[in-house]
Each structure stands twice: as C-alpha cells, then as structure tokens.
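According to numbering that gives the first Met the number 0, the sequence shown is numbered sequentially starting from 0. Glycine residues also receive a C-beta, built at the ideal position from the N, C-alpha and C atoms. Below is one structure, written out as structure tokens; comments come after it.
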Amino acid sequence: MLGNFSYCNPTKLYFGEDSLHYLDTELPKYGQNVVLIYGGGSIKKSGLYDEVVKILQDNGKNVAEIAGVMPNPTVAKLYEGVEIARNHHADFLLAVGGGSVCDYAKAVSVSVHCQEDPWEKYYLRFEEPACETLPVGCVLTLAGTGSEMNAGAVITNPDTKQKIGHVFADEKIMPKFAILNPKYTLSLPHYQMVAGIYDIFNHICEQYFSGEDDNTSDYISEGLMRSVIHSSRIANKNPQDYEARSNIMWAATWALNTLVSRGKSTDWMVHMIGQSVGAYTNATHGMTLSAVSLPYYRHILPYGLQKFQRFAVNVWDVDPTGKDGRQVAEEGLAAMEGWMRELGLVMNISELGATPDMAEGIASGTIVMSGGYKVLNHEEIVEIVKECFA
Ligand code: NZQ
Ligand code: ZN
C-alpha cells in the first residue's frame, strides 16, 4: 500500500433474518417526525410496508411518506420529496427499498435545509453540504449498489440527459444504520437479481483495475469476486437459496462501502459510460454496466496487462502455463464473459433501447475519470460506445 488515507465507516449494520426488530433499537435515537421513503410498491406487496409502519407507530413516530421513488430517481422527484420533508419538519428519513430509494433519501437529506438548488449545487458543481443534514436509516430490499453503507447518491435529470452520482465526502451522509435481511431480496425478479449481482461485481472491478502497487485491497477484492461468482451461480439456478442470497447481500455491502478503495486509485469508467447510457435509456443500472463492460475492458487491457493477467489467474483460475501475458489476460475476460452470459445479463446497449444516433451524446455525457489504466479521450469513448451496440 503506497497511498495515504483515513478510514471511517459509521453505518451500523444489522444483518440476517431477524434484523428488522432492531428498528426498535434505532428509532428512539432520532426525532419524532419521520419521513418513510419507498419505491413503486414492492414493499406493499411483500408485507414489509405494514411491518415497518407498525414499528414506527409502536415507537410513537409522527410519519409522513414519500412514495413512488422510481428506479434511477429523478431531480423532479427530489424536489417533490424535499417539499414533503420540509412541510413535515422532518427529523429522520427512513428508506425502505433498493439502491434508488436509499440514494434518494441521502439526496433529500442534504437538500431539505439547503438554500440553493440541490441539482446545481451537488450534481453539477459537486459541492458539499454547508447546511444541516438529516439522518438516514435504511431497510434494504435489493443487494447491489452498496448504498446502504456509503455516501453515494445518484440522481438523473431526464431533460438534460444526465445521470450523475455524488459520493459525498462527509461520512455523516452515510446511513446511520442499515437493516440487511437477505429474505427481503427473495422476491426480486430474476432480471433485478442478476443486475444487482453484476453491479456488485463491477464495483469491485472498478476499484481493482487500477494501480501497480502491491495492495491489500486487491487481495480483498479477489476474495469478494470469487464469493460473488460462486454464490451467483447457485442463486441463478435456485433464486430461493437463502445462503447464496445472504452471501450476495453481504458481498454487495463490502464491495462499495469504501473499504476496498483505500490506499489506491480507482477507475470507475464502466460506471461513467453506463450512467450516460442510463441517462439516455432509463435502463436498469446493473444492465447498463454489463452492456458496456467488455468493450471497455478489452480496450484498456493492453494498458493494464499485468492486472488483467492476475485477474485471470486469481479470480478465474486460468492456467498461465505456456501462455503469453496477453493470452492469459484475454482468457480471463473470456471466462468473465461466459459467466455473464450464464447469468443472462444484457450484453449490448441496443437491448436497453439505445440507438446508434445516440452514440455521440452518450460519449459526450460520459464523465472522464483519471484513476484507471488509461485516461480516455472523446474519440476512444465514441469508439467504445459504438462497440456496445448489438
Ligand atoms: O420500486 P419498487 O416497487 O420497490 O421496485 C423496485 C424497482 O422496480 C424493485 N425491487 C426492489 N426490491 C425488491 C424489488 N422488487 C421485488 N422485490 C424486492 N425485494 O427493483 C427495481 C429496481 O430497484 P432500484 O432501487 O432502482 O435498484 P438498485 O438497488 O439497483 O438501485 C439502482 C440505483 O442506485 C444507483 C444507480 O445508479 C441507480 O440509480 N447506484 C447507487 C450507488 C451508490 N449509492 O453508491 C452506486 C451504484 O453504482 C449505482 O450507481
Ligand atoms: Zn453500480
């Protein structure tokens, strides 16, 4: 490890089948006025909504609701929620749902007492909150984003075709607590389950494919990737396998709770291209990543050859004997591709509704990061995006 860093993650986790009752432990720590935030109805169907409302009532909370937080939450929805939270004099925000709901709660948290336009301040200028922020708690129903234990909040502006994530610097934006019950994820459609699995895997890749130094984080990442591959194969065959879904949920949290990025640079270009595809198509986040990953990784492979070789051997068990480095590295990506196809992931952006006339716009909307093996220029991004079509 050659980097200098600090590490603090204040989110308290409650994990397992019995974890919901810890809401009784946490709720008394916060004020009376709670805003319950949830998505399009899955929690009503599963019965979780009724359970949570009962616990809130038993704790004597005064509850308002923000319902209908959509996947890839929009800036218009953010403004709406800020008004509800302001009118309710909210003390605490309880997010019950997937990454979109959890991200959205954090975006509301930093906006309720903000005098400026939150989209411009946090998403265009990437400023940090100067105002009071509201504490957020999370009951997670979808394993993937890691939002339950990080300070990220992604918001989409459909008018300007921008999907932008702000990872807030201050750990007070991270949820105060998160309840992780793998059972809640069992009702996910297969499409969402595998999209979440690929999101987890790609979060690890984004933090792994960078740097040359011998770094503890990379060894942790390899272990996490092996666990995700192993459990995903079981869950793909039998989505009701609690043990596999439980491992997937735990791996998701560790894949993006700030641990494995410590002491090293990170890439994030698959996410940047994927988010721009998302801004144009409103597609499921994990599928935007699967659809752009291979063209991107094949493009940067020559610049990070050693790490791609290591990935092939340590993650995919490619036998390097008698092969040159390039061949080993390519076999690693081929093994990854085989696994992605086995899960039924979307492998091109045409399937997500992107059309060739969008290629320039998607490339222009891609934020260029500089931590990976190659800082891409505009022409390279256009070339990669074009390779992502069927
Ligand atoms: O809205 P409901 O009815 O709840 O349905 C949701 C939604 O349609 C459904 N769902 C969730 N849990 C379910 C369920 N359906 C049945 N049973 C359950 N238990 O799944 C659909 C997708 O939900 P969503 O929350 O959108 O998915 P995800 O967790 O993948 O979140 C995606 C959002 O997170 C952002 C993405 O960009 C996207 O906006 N990300 C946040 C990150 C972070 N905070 O660090 C990092 C990620 O890279 C990502 O960018
Ligand atoms: Zn992601």
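How is residue i classed by DSSP in three states: helix, strand or coil?
{"i": "VAL314", "result": "helix"}
{"i": "GLU382", "result": "helix"}
{"i": "ILE366", "result": "coil"}
{"i": "GLU119", "result": "helix"}
{"i": "VAL374", "result": "coil"}
{"i": "PHE307", "result": "helix"}
{"i": "CYS101", "result": "helix"}
{"i": "LEU1", "result": "coil"}
{"i": "GLY360", "result": "helix"}
{"i": "ARG232", "result": "helix"}
{"i": "TYR6", "result": "coil"}
{"i": "CYS204", "result": "helix"}
{"i": "LEU19", "result": "helix"}
{"i": "GLU126", "result": "coil"}
{"i": "ASP217", "result": "helix"}
{"i": "LYS263", "result": "coil"}
{"i": "VAL111", "result": "coil"}
{"i": "GLU211", "result": "coil"}
{"i": "ALA106", "result": "helix"}
{"i": "ASP169", "result": "coil"}
{"i": "MET148", "result": "helix"}
{"i": "TYR197", "result": "helix"}
Specify, as a first and last residue, the run of the beta strand (DSSP E) that residue i falls within.
{"i": "ILE348", "result": "Careful: ILE348 lies outside any beta strand (DSSP E) and carries neither H nor E."}
{"i": "TYR13", "result": "11-14"}
{"i": "LYS162", "result": "161-166"}
{"i": "LEU293", "result": "Note, LEU293: premise wrong, no beta strand (DSSP E); alpha helix (DSSP H) at 284-299."}
{"i": "ALA94", "result": "91-96"}
{"i": "GLY151", "result": "151-156"}
Is it the case that the CB of residue i approaches a heavy atom of the ligand NZQ more closely than 7 Å?
{"i": "VAL143", "result": "According to the sequence displayed, residue 143 carries Gly and not Val. Yes."}
{"i": "TYR183", "result": "yes"}
{"i": "GLY164", "result": "yes"}
{"i": "VAL153", "result": "yes"}
{"i": "LEU187", "result": "yes"}
{"i": "GLY321", "result": "no"}
{"i": "GLY370", "result": "no"}
{"i": "ASN42", "result": "Sequence inspection shows Ile at residue 42; the Asn mentioned does not correspond to that position. True, at least one ligand heavy atom lies under 7 Å from that Cβ."}
{"i": "ASN256", "result": "no"}
{"i": "VAL100", "result": "yes"}
{"i": "GLY38", "result": "yes"}
{"i": "PRO301", "result": "no"}
{"i": "SER226", "result": "no"}
{"i": "GLY96", "result": "yes"}
{"i": "ASN71", "result": "yes"}
{"i": "GLY46", "result": "no"}
{"i": "ASN281", "result": "no"}
{"i": "GLY222", "result": "no"}
{"i": "GLY195", "result": "yes"}
{"i": "SER110", "result": "no"}
{"i": "SER146", "result": "yes"}
{"i": "GLN191", "result": "yes"}
May I ask which residues mark the beginning and end of the alpha helix (DSSP H) holding residue i?
{"i": "GLY331", "result": "324-342"}
{"i": "GLU50", "result": "47-57"}
{"i": "GLY80", "result": "74-86"}
{"i": "ASN246", "result": "241-254"}
{"i": "LEU22", "result": "22-25"}
{"i": "GLN274", "result": "268-280"}
Does the ligand ZN have a heavy atom nearer than 7 Å to the CB of residue i?
{"i": "ASN442", "result": "Within the shown structure, residues of the chain are numbered from 0 to 389, placing residue 442 beyond reach of any answer."}
{"i": "ASP90", "result": "no"}
{"i": "ASP217", "result": "no"}
{"i": "PRO57", "result": "Residue 57 is actually Asp in this sequence, not Pro. Every heavy atom of the ligand ZN is 7 Å or more from the Cβ of ASP57, so no."}
{"i": "ASP198", "result": "yes"}
{"i": "LEU139", "result": "no"}
{"i": "LEU288", "result": "yes"}
{"i": "HIS284", "result": "yes"}
Give the DSSP bridge partners of residue i, in chain order.
{"i": "TYR190", "result": "Note: TYR190 sits in no beta bridge, so no partner."}
{"i": "ALA177", "result": "LEU12 and CYS137"}
{"i": "LEU35", "result": "GLU64 and LEU93"}
Less than 7 Å separating the Cβ of residue i from some heavy atom of the ligand GTP?
{"i": "THR24", "result": "The model depicted lacks the ligand GTP and carries the ligand NZQ and the ligand ZN instead."}
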